[in-house]
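The opening position of the sequence shown corresponds to residue 0 in numbering that gives the first Met the number 0, with each subsequent residue numbered one higher.
Below: one structure, written as structure tokens.
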Amino acid sequence: MVLEVTNNPLAATDQQSFAALMELYENNYIFLRRLVPQLDGHRDAQISSVDHGPDLHLEVIERCPYTTNLLLTHCFAQHPDSESLPDLHVRIYHDARVAEVLPEPHQPHLSLAARWASNRFLNRWLRYCLGEGHAFEDAPERAVVERPEAKRWAI
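This is the structure in structure tokens:
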């Protein structure tokens, strides 16, 4: 699968601007939806495996009417300590159709440059995962991990 982005925010001259960051959030949302077409499903943990690379793990942490928080990571099982890297918390805003990397709990407020860097990394990582053939399907017979349901909030 070849992924082409006609208007690539990574190549913009005003790369560090807020407008370019919002465009990057939009592209992250598009790539996440390609990777996980059924984000509104009832599976809170999924694993995508490809023959030639590490497994990609997705765990839904929280579902709200307009947002979903998830954890996305590679699990390197062949490593003796079973390392999971990168380990990104992502918030998806369904109504605005954007996705952003959430800051670490000890860094509640990130600068524009730091937000740009973490979301640029997410963008490149998502493109890499899609290029490697990773995808999460919403087929109940392929459930891999049984975990408690994510917190669900109602209005």
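By construction, the Cβ of each residue, glycine as well, lies at the ideal position given by its N, Cα and C atoms.
Contacting residues, own chain, Cβ-Cβ under 6 Å from histidine 88 (five flanking each side not counted): Within the sequence shown, the letter at position 89 stands for residue 88. The residues Leu70, Leu101, in chain order, have a CB closer than 6 Å to that of histidine 88 in the same chain once the five nearest residues on each side in sequence are set aside.
May I ask you to report which of helix, strand or coil DSSP gives leucine 57? By 1-based counting over the sequence shown, the position of residue 57 is 58. Under the three-state reduction of DSSP output, leucine 57 falls in the strand class.
Between histidine 91 and threonine 66, which are expected to be in contact by the criterion C-beta below 8 Å, what is the C-beta distance as a whole number of angstroms? Sequence index remark: in the sequence shown, residue 91 carries index 92 (1-based). Sequence index remark: in the sequence shown, residue 66 carries index 67 (1-based). With the sequence shown as reference, residue 91 is identified as isoleucine, and histidine is not the correct amino acid for it. Contact holds; Cβ gap of about 6 Å.
If I follow the unbroken alpha helix (DSSP H) through serine 16, where does it start and stop? What you label residue 16 is simply residue 17 of the sequence shown in a count that begins at 1. Taken as a continuous stretch (DSSP letters only), serine 16 belongs to no alpha helix (DSSP H), as it is neither H nor E.
Can you grab the Cα-Cα spacing for the pair leucine 111 / alanine 44, in whole Å? One-based indexing of the sequence shown puts residue 111 at position 112. One-based indexing of the sequence shown puts residue 44 at position 45. Between the alpha carbons of leucine 111 and alanine 44 lies a distance of about 31 Å.
When Arg62, Gly52, Glu136, Ala116 are compared against serine 16, the one with the closest alpha-carbon: For this step, residue 16 is matched to residue 17 along the sequence shown. Nearest of Arg62, Gly52, Glu136, Ala116 to serine 16, Cα basis: Ala116.
Taking the alpha carbon of valine 59 as the reference point, which residue from Leu121, Asn68, Gly52 has its own alpha carbon closest? Here residue 59 refers to the residue found at position 60 when the sequence shown is read from its first residue. The option with the nearest alpha carbon to valine 59 is Asn68.
Considering glutamate 99, what are the terminal residues of the alpha helix (DSSP H) in which it resides? The count along the sequence shown starts at 1 and reaches residue 99 at position 100. If you look at glutamate 99, you'll find it isn't in any alpha helix (DSSP H); it sits in the beta strand (DSSP E) that goes 97–100.
Expected contact under 8 Å - CB spacing of glutamate 99 and asparagine 118 to nearest Å: On the sequence shown, position 100 is the one that residue 99 refers to. On the sequence shown, position 119 is the one that residue 118 refers to. Cβ-Cβ separation between glutamate 99 and asparagine 118: approximately 6 Å, consistent with a contact (criterion under 8 Å).
State the Cα-Cα distance for the pair valine 35 and leucine 55, rounded to the nearest angstrom. Along the sequence shown, read from residue 1 onward, the residue named residue 35 stands at position 36. Along the sequence shown, read from residue 1 onward, the residue named residue 55 stands at position 56. Those two C-alpha atoms are separated by around 12 Å.
With distances taken from CA atoms, which of Phe30, Leu57, His108 is nearest histidine 73? Residue numbering aside, residue 73 sits at position 74 when the sequence shown is read from its first letter. Closest by C-alpha distance to histidine 73, out of Phe30, Leu57, His108, is Leu57.
Determine, using beta carbons only, whether glycine 132 and valine 49 come nearer to each other than 8 Å. For the purposes of this step, residue 132 is identified with residue 133 of the sequence shown, where counting begins at 1. For the purposes of this step, residue 49 is identified with residue 50 of the sequence shown, where counting begins at 1. The Cβ-Cβ distance between glycine 132 and valine 49 falls below 8 Å.
Rounding to the nearest angstrom, what Cα-Cα distance links isoleucine 29 and arginine 114 in this structure? Working through the sequence shown from its first residue, we reach residue 29 at position 30. Working through the sequence shown from its first residue, we reach residue 114 at position 115. Cα to Cα, the separation comes out at about 18 Å.
What number of angstroms, rounded off, separates the C-alpha of valine 143 from the C-alpha of glutamine 37? On the sequence shown, position 144 is the one that residue 143 refers to. On the sequence shown, position 38 is the one that residue 37 refers to. Since pLDDT at valine 143 reaches only 43, below the 50 mark, its modelled position is unreliable, and no value is offered.
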